[in-house]
Amino acid sequence: MAEIILELASVATRAGATISYGDKVVIDGAEAVPVALAVYGFGGGSAGPSAADPEHQQGSGGGGWSVSVPVGALVTRGGSVRFVPNVVAVLGVSIPLTFVAGFAVSRVLSALR
Numbered sequence: 852m853a854e855i856i857l858e859l860a861s862v863a864t865r866a867g868a869t870i871s872y873g874d875k876v877v878i879d880g881a882e883a884v885p886v887a888l889a890v891y892g893f894g895g896g897s898a899g900p901s902a903a904d905p906e907h908q909q910g911s912g913g914g915g916w917s918v919s920v921p922v923g924a925l926v927t928r929g930g931s932v933r934f935v936p937n938v939v940a941v942l943g944v945s946i947p948l949t950f951v952a953g954f955a956v957s958r959v960l961s962a963l964r
């Protein structure tokens, strides 16, 4: 399961997301570093008066968003480091991924008929 998270993180970084690491925490003698996927986006636009509707004024606007999803932790115990995935994050990512994959397969099968 950890390989799936790492592959999704690799794909996400190519799409403009970044991986962020939290502060090290010691729990029962093991060191854990939280890992999260951070994604952000911004947009904006403007419009001026048009010849078809001269009464409306021009305007502009913009906005942005960001989200951080905890994907797991790097755990060091006994000299070895391993990635422990956040099962809730895996389920949260796999549900839309399964929907998109199912939709794509149905479209391909429809096109082949």
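In our numbering, the protein residues as written are 852 to 964. Cβ atoms here follow ideal geometry from the backbone N, Cα and C, with glycine treated the same way.
Cβ neighbour criterion (16 or more within 10 Å) applied to residue i
i	result
Leu888	buried
6 Å CB neighbourhood of residue i in its chain, flanking five on each side removed
i	result
Ser871	Ala887, Ala889
Thr869	Ala889
Arg928	Ala881
Contact set for residue i: own chain, Cβ-Cβ below 7 Å, skip 5 residues either direction
i	result
Pro900	His907, Gln908, Gln909
Asn937	Pro921, Val922, Gly923
Straight-line gap, residue i to residue j (C-alpha atoms, nearest Å)
i	j	result
Phe893	Val920	18 Å
Glu882	Gly923	13 Å
Phe954	Ile946	12 Å
Val951	Val959	12 Å
Gly816	Val918	What the structure shows of the chain is the stretch from 852 to 964, and residue 816 is not part of that stretch, so it cannot be assessed.
Val932	Thr949	30 Å
Asp879	Phe934	17 Å
Sub-8 Å separation of residue i and residue j beta-carbons
i	j	result
Leu925	Val884	yes
Gly873	Gly896	no
Tyr891	Gly915	yes
Other residues of its chain near residue i: CB distance less than 8 Å, five sequence neighbours each side excluded
i	result
Ala898	Gln909, Gly910, Ser911
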